[in-house]
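Student: Take the sequence shown: its position 73, counting from 1, is numbered 71 in the numbering used here, and each next residue is one higher. We treat Cβ as the ideally placed atom computed from N, Cα and C, and that holds for glycine. Just so it is clear, the structure is predicted and the values come from calculations on it, not from any experiment. Here it is, the structure in full.
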Amino acid sequence: MAKRKTPRVPGASHTPAQVLSREQISISREINHIIRRARARDARLVTLGALIFFSTETGDAWLLDAEDSSALCLARDGQKQSFTIVETPMSFGIEWNADYRIDGDTFIVIERSGGVKSIFGYPTREILRASRGAR
-1 MAKRKTPRVP
9 GASHTPAQVL
19 SREQISISRE
29 INHIIRRARA
39 RDARLVTLGA
49 LIFFSTETGD
59 AWLLDAEDSS
69 ALCLARDGQK
79 QSFTIVETPM
89 SFGIEWNADY
99 RIDGDTFIVI
109 ERSGGVKSIF
119 GYPTREILRA
129 SRGAR
């Protein structure tokens, strides 16, 4: 059983933690959900094991791996981004294209292509709290 948690994000509605069986877990379903929340400008943060999914009121959505600091932008300004996820009933693979770091209120994205972006206004405290709980 995996635990799916939705920590409080400022300005977001709150849903209590749910315990899911392996059959109920779908990375693709979580990605689609968080992209829908981003398009609705609804800030949410969901954890599934070491994975953190979050959306912002600006329409961005991200998938993070708390164990190795990998990052994947799922949506920007409400527009779904291009990414590759492979999922079977027993496993999944994510083609990560960046790493992330948090410095105070700044979310820093280090793209594997070499670019670096600093983003302000993301729920950095909540991401850090979720990261500590996921490890």
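Once you ignore the five residues that flank Glu55 on each side, which residues in its own chain have a CB closer than 8 Å to its CB?
Tutor: For the purposes of this step, residue 55 is taken as the residue at position 57 of the sequence shown. Cβ within range, chain order: Gly9, Arg39, Asp40 and Ala41.
Student: Whose C-beta lies closer than 8 Å to the C-beta of Gly57 among residues of the same chain, with five residues either side of it excluded?
Tutor: Looking up residue 57 in the sequence shown gives position 59. Closer than 8 Å at the Cβ level, and outside the excluded window around Gly57, lie Ala36, Arg37, Arg39, Ala73, Arg74, Asp75, Gly76 and Gln77.
Student: For Ala36, does the three-state DSSP call read helix, strand or coil?
Tutor: Position 38 of the sequence shown holds residue 36. Helix at Ala36.
Student: Helix, strand or coil for Thr104? Go by DSSP, reduced to three states.
Tutor: Within the sequence shown, the letter at position 106 stands for residue 104. Correct three-state label for Thr104: strand.
Student: Start and end of the beta strand (DSSP E) containing Trp60?
Tutor: In the sequence shown, the residue the question calls residue 60 occupies position 62. Residues Ala59 to Asp63.
Student: According to DSSP, simplified to helix, strand and coil, what is Glu85?
Tutor: Counting from 1 along the sequence shown, the entry for residue 85 is found at position 87. Three-state DSSP puts Glu85 in a strand.
Student: Looking at the strands, I want to know which residues DSSP matches up with Arg42.
Tutor: As a working note, residue 42 is residue 44 in the sequence shown. For Arg42, which the question treats as bridged, DSSP gives the partners Ser53.
Student: Where Ser19 and Lys115 are concerned, what is the direct C-alpha to C-alpha distance, given to the nearest angstrom?
Tutor: As a position in the sequence shown, residue 19 is number 21, starting the count at 1. As a position in the sequence shown, residue 115 is number 117, starting the count at 1. Only weak support exists for where Ser19 lies, its pLDDT of 48 falling under 50; the coordinates are left without a value.
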